[in-house]
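In what follows, a single structure is set out as structure tokens and then discussed.
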């Protein structure tokens, strides 16, 4: 059985720890350097489940924020369906939320719509709510760099949590807080990954105090009245698109998005592209990405063949022992 995990932009350290310990949380934490991901990285782990059943887990990690979203077509085109998506956002830079989440969510929604077949069970939407639009497969918003974020001033933390909870509520996402430098948060993230690949339910956790790590698990336990001190921006809307529009307005009011600031600086998109056009560099980057994708595909095919051969050998040995 094959269960792929899609890890868009975020912590290579988390993925390395997950691979290193076979998907099982470790009792000891040790700092280790990890190479920075380039374009789309692929790894796998042969996880042992209950009853000694083996399960191959494909792990994909996307670099570059939302700038390389089209590369996600590779994991989405694999025979095995995506089990879950972990969408990383940097708590210390809420000004980048929109430029990361918009392209990734748009692409993933289009891909999931193509999967509307009997083996995909869409997340249930509350009948009384028309503004919630789950992705269709489990989505977890991972709020990274909490070790730095915890030292920010209280009002900025409150507004950051409010924006994250609004986005998660509307899009049917769970929320966890993560830091590669904090053992407790690392262990909880590893546990979540293990639960995701084994289809185990996420442990119910609801913690929204701005002075503490943010956790909303599983999706659906949060309320549309996220900020009691202000009028809700989403409970009076009648559609998902209106709710997202209000969310973006609120987000930009609290944290003007960097992409929007660039657009307003003068000149159209075509002018900027022409101004910074570097054909030789573009050709070099395109060649590097193309070569990288070919290597990933070859590596994936080799890993699958090796694993199949190994499993067949183990099965033959087991049959001989039972004779």
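Residue numbers (the working numbering): 208 to 530. The beta carbon of each residue, even a glycine, is placed where N, CA and C say it ideally should be.
Residue 353 - partner residues in DSSP beta bridges: Taking the chain shown and counting its residues from 1, the one referred to as residue 353 is at position 146. Paired residues: none, contrary to the question.
Backbone CA spacing between residue 554 and residue 461 [nearest angstrom]: Given a span of 208 to 530 for the chain in the structure shown, any question on residue 554 remains unanswerable.
Residue 400 versus residue 452 - alpha carbon distance: Here residue 400 is taken as the residue at index 193 of the chain shown, counted from 1. Here residue 452 is taken as the residue at index 245 of the chain shown, counted from 1. Taking the straight line from one Cα to the other gives about 31 Å.
Complete beta strand (DSSP E) runs within the region 337 to 416 (minimum length 3 residues, chain order): 346 to 351, 381 to 384 and 412 to 414
At least three beta-carbon pairs within less than 8 Å, the region 402 to 412 to the region 366 to 380: Judged by Cβ distances under 8 Å, the region 402 to 412 makes no contact with the region 366 to 380, as fewer than three pairs qualify.
N- and C-terminal bounds of the beta strand (DSSP E) containing residue 296: The residue given as residue 296 occupies position 89 in the chain shown. 291 to 297 is the span of the beta strand (DSSP E), which, as asked, contains residue 296.
Residues of its chain near residue 525, where Cβ-Cβ distance is below 8 Å and the 5 sequence neighbours each way are ignored: Reading the chain shown from its first residue, position 318 is the one you call residue 525. Setting aside the 5 residues that flank it on each side, residue 525 has no residue in the same chain whose C-beta is closer than 8 Å to its C-beta.
Among 308, 402, 364 and 455, the one whose alpha carbon lies nearest that of residue 420: The residue you call residue 420 lines up with position 213 of the chain shown. The shortest C-alpha separation from residue 420 is found at 364.
Separation of residue 522 from residue 296, as counted between CA atoms: By 1-based counting over the chain shown, the position of residue 296 is 89. By 1-based counting over the chain shown, the position of residue 522 is 315. For residue 296 and residue 522, the distance between alpha carbons rounds to 43 Å.
Length of the line joining the Cα atoms of residue 427 and residue 348: Here residue 427 refers to the residue found at position 220 when the chain shown is read from its first residue. Here residue 348 refers to the residue found at position 141 when the chain shown is read from its first residue. In a straight line, the C-alpha of residue 427 is about 13 Å away from that of residue 348.
Buried or exposed by the 16-neighbour rule on C-beta atoms within 10 Å, applied to residue 506: Position 299 of the chain shown holds residue 506. With fewer than 16 Cβ atoms within 10 Å of its Cβ, residue 506 is classed as exposed.
Residue(s) in a DSSP beta bridge with residue 423: Taking the first residue of the chain shown as 1, we reach residue 423 at position 216. In DSSP, residue 423 forms a bridge with 382 and 413.
DSSP beta-bridge partners of residue 250: Working through the chain shown from its first residue, we reach residue 250 at position 43. According to DSSP, which records beta bridges pairwise, residue 250 is partnered with 266.
Residue range of the alpha helix (DSSP H) that includes residue 319: Indexing the chain shown from 1 puts residue 319 at position 112. Segment 304 to 320, the alpha helix (DSSP H) holding residue 319.
Buried versus exposed call for residue 274 [16 or more other C-beta atoms within 10 Å across all chains shown]: Position 67 of the chain shown, counting from 1, holds the residue named residue 274. Flag for residue 274 reads exposed.
Alpha carbon of residue 463 to alpha carbon of residue 299, nearest angstrom: The residue you call residue 463 lines up with position 256 of the chain shown. The residue you call residue 299 lines up with position 92 of the chain shown. Whole-angstrom Cα-Cα distance: 14 Å.
Nearest residue (CA-CA) to residue 385, options 450, 407 and 293: Residue numbering aside, residue 385 sits at position 178 when the chain shown is read from its first letter. With distances taken between Cα atoms, residue 385 lies closest to 293.
Distance between residue 416 and residue 361 (C-alpha atoms, nearest Å): For the purposes of this step, residue 361 is taken as the residue at position 154 of the chain shown. For the purposes of this step, residue 416 is taken as the residue at position 209 of the chain shown. Going by C-alpha positions, residue 361 is about 10 Å away from residue 416.
Rounded separation between residue 290 and residue 303 - CA only: As a position in the chain shown, residue 290 is number 83, starting the count at 1. As a position in the chain shown, residue 303 is number 96, starting the count at 1. So the two alpha carbons sit approximately 26 Å from each other.
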